[in-house]
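Below is one structure, written out as structure tokens, with a few remarks after it.
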Amino acid sequence: MSQRDPAVPEEHLARTRSFTRRGGRMPERHHRAIAEHGADYVIDVDRVGEGTTVTAQARLDPASVFGREAPLVVEIGSGAGDAVVHAAQQTPERDFIALEVWRPGIAQTIAKARHAGVRNIRLIEVDAAQAMPMLFDTSSLSEVWTFFPDPWPKSKHHKRRLVQPSFADTIASLLVPQGIWRLATDWADYAWQMRDVVEGCSGLTNPYAGRLAAEGDEEHDPRGAHGGFAPRFEGRVETRFEGKGLKVERVVRDLEVHRA
């Protein structure tokens with residue numbers, strides 16, 4: 001049995017997580033993608049046992065990982081990899097690290113990256129809330145993306161939501177000056193929570209504060225027609241998950257905030 005790493009605070013090991021599913025059945029082609037190409041794309045970091053909690057020894061040196069110095073973008077919850085693979089293909093001058101706990105998604109991302117011929121992507125299976133400050137140096141990330149995190153819609157589960165004040169402080173500390181945190185959700189009250197969290201973070205500024213309210217927000221938003229949402233990020237491709245939300249007429253809201 002693995003012993004607890006003293007560098008990992010006890011509260012991290014017993015914390016409330018923002019995710020539940022790590023496994024899932026995979027077709028043979030995805031098993032094959034991991035077996036044949038996982039070594040090219042997946043970073044094996046030092047972790048506590050077999051879980052998603054990393055140790056202080058997990059710190060990354062992106063220049064060594066990618067063999068170059070380049071702006072680094074981290075996507076939290078990359079799902080099946082549509083956004084990160086598209087971005088890596090469109091902007092080869094940047095490097096991308098995708099953090100994901102859904103193993104079938106990791107396999108799909110590897111397959112898509114391989115098919116697209118992109119090598120400026122790496123994947124890590126970790127709990128982002130705990131791992132981000134362990135993996136990355138302060139002021140080292142050009143952008144962070146958090147697209148459609150689990151909304152945990154029941155009020156009693158809101159504490160499980162990823163975007164919380166302490167997490168916003170972490171992201172602000174990791175971004176380079178004027179670095180960008182991009183977020184999106186199709187769950188209205190989570191969008192408002194996200195907006196209030198990022199606007200309440202002293203290390204972040206929202207250039208859209210007080211603007212771009214969605215139609216009907218004035219009736220239901222706790223802050224009325226305050227808005228604060230950004231135009232859709234052009235680099236965010238529409239995924240099948242987003243399409244499902246649009247089919248039931250959910251409004252997708254984007255946020256774009258900068259390190260102060």
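If you read the sequence shown in UniProt numbering, its first letter stands for residue 1, the second for the next number, and so on. Each residue gets a CB set at the ideal place from its N, CA and C atoms; glycine is no exception.
CB of residue i within 8 angstroms of CB of residue j, strictly
| i | j | result |
| --- | --- | --- |
| residue 170 | residue 132 | yes |
| residue 179 | residue 141 | yes |
| residue 31 | residue 110 | no |
| residue 228 | residue 208 | yes |
| residue 249 | residue 233 | no |
| residue 98 | residue 81 | yes |
| residue 77 | residue 177 | no |
| residue 146 | residue 183 | yes |
Rounded separation between residue i and residue j - CA only
| i | j | result |
| --- | --- | --- |
| residue 21 | residue 217 | Here the model assigns residue 21 a pLDDT of 45, short of 50, so the residue's position is not dependable and the matter cannot be decided. |
| residue 124 | residue 107 | 12 angstroms |
| residue 165 | residue 144 | 16 angstroms |
| residue 181 | residue 168 | 9 angstroms |
| residue 90 | residue 66 | 17 angstroms |
| residue 198 | residue 117 | 36 angstroms |
| residue 200 | residue 225 | 17 angstroms |
| residue 158 | residue 151 | 8 angstroms |
| residue 213 | residue 243 | 21 angstroms |
| residue 155 | residue 219 | 20 angstroms |
| residue 48 | residue 55 | 6 angstroms |
| residue 101 | residue 129 | 12 angstroms |
| residue 41 | residue 175 | 23 angstroms |
Opening and closing residue of the beta strand (DSSP E) in which residue i lies
| i | result |
| --- | --- |
| residue 139 | Where residue 139 is concerned, there is no enclosing beta strand (DSSP E), given that its DSSP letter is neither H nor E. |
| residue 95 | 95-99 |
| residue 254 | 253-259 |
Same chain, Cβ closer than 6 angstroms to residue i, five either side skipped, listed in chain order
| i | result |
| --- | --- |
| residue 86 | 237 |
| residue 188 | none |
| residue 211 | 227 |
Bounding residues of the alpha helix (DSSP H) (the contiguous stretch that carries residue i)
| i | result |
| --- | --- |
| residue 240 | 240-247 |
| residue 269 | No answer is possible for residue 269: it lies beyond the span of the chain, which begins at 1 and ends at 260. |
| residue 74 | Looking at the DSSP string, residue 74 is not in any alpha helix (DSSP H); the run it does join, the beta strand (DSSP E), is 72-76. |
**Study point:** Contained alpha helix (DSSP H) runs [length at least 4] in the stretch 195-230, N- to C-terminal order
**Key:** 217-220
**Secondary structure, alpha helix (DSSP H): runs of 4+ residues fully inside the stretch 103-181** = 103-116, 128-135 and 165-174
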